[in-house]
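Enquirer: Residue numbers (the working numbering): 932 to 1080.
Think of the CB as a built atom: it goes at the ideal place given N, C-alpha and C, for glycine as much as any other residue.
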């Protein structure tokens, strides 16, 4: 979720709970812009006027502003154009590779399992399968039901 009537910068600053001074805030903004350079070009723009993909990037960027030990992402690809889905997942991969733990809830099974270390498959609110993601990708039930293979 974003604050649509606030600017991109104001949204990001809202995520910086208890900033550790101007320099720390500046460094964190630079980190966010390294993942999402388009946000840096739209700092004064109202968040509600951004595209769906840009709004998703803003929401993720705001989440990173507090430098969390665990970044929780709920359906980051929901409603995005296919080309943006790949972009978002590549950014999530970069964030993880730089040492951030991520809890990802995602209906795009292929992307989620290719990105994650472990996976949990829920059906009607119950865990029906769990395990190492690469093994889950090879599971016949998952391949047939979720990947159409």
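Can you list, in chain order, the stretches of the alpha helix (DSSP H) that have 4 or more residues and sit fully within the stretch 949-1033?
Expert: Runs of the alpha helix (DSSP H) inside the stretch 949-1033: 953-966, 968-971, 983-995, 1013-1028.
Enquirer: State buried or exposed for residue 1038, treating a residue as buried only when at least 16 other CB atoms are found within 10 Å of its CB.
Expert: Under this definition residue 1038 is an exposed residue.
Enquirer: Using 8 Å as the Cβ pair cut-off and three pairs as the minimum, do the stretch 982-1000 and the stretch 932-946 touch?
Expert: With a cut-off of 8 Å, the stretch 932-946 and the stretch 982-1000 count as touching, because enough Cβ pairs lie within range.
Enquirer: Keeping to the same chain, check which residues put their C-beta closer than 7 Å to that of residue 1025; ignore five residues upstream and five downstream.
Expert: Answer for residue 1025: 966, listed in chain order.
Enquirer: According to DSSP, simplified to helix, strand and coil, what is residue 1078?
Expert: Of the three classes helix, strand and coil, the one that applies to residue 1078 here is coil, per DSSP.
Enquirer: Three-state secondary structure (DSSP) at residue 933?
Expert: Looking at residue 933 - three-state DSSP - the assignment turns out to be coil, as it is neither helix nor strand.
Enquirer: Using 8 Å as the threshold, is the stretch 1003-1012 in touch with the stretch 958-972, meaning 3 or more CB pairs across them?
Expert: No contact exists between the stretch 1003-1012 and the stretch 958-972.
Enquirer: Between residue 986 and the rest of its own chain, which residues show a CB-CB distance below 6 Å, the 5 nearest in sequence each way excluded?
Expert: Closer than 6 Å at Cβ, skipping near neighbours: 933.
Enquirer: Please name the residue in 942, 1032, 1054 whose C-alpha comes closest to that of residue 981.
Expert: Taking only the C-alpha atoms, the option nearest residue 981 is 942.
Enquirer: If residue 976 and residue 938 are in contact, beta carbons under 8 Å, what's the gap, nearest whole angstrom?
Expert: At roughly 6 Å, the Cβ-Cβ gap stays under 8 Å, so residue 976 and residue 938 are in contact.
Enquirer: Return helix, strand or coil for residue 1037, following the three-state DSSP convention.
Expert: DSSP places residue 1037 in coil when its eight states are reduced to three.
Enquirer: Is residue 946 helix, strand or coil by DSSP?
Expert: Residue state, collapsed to three classes: helix.
Enquirer: Using the Cα positions of residue 964 and residue 1059, report the straight-line distance between them to the nearest angstrom.
Expert: Looking at the two C-alpha atoms, the distance is approximately 38 Å.
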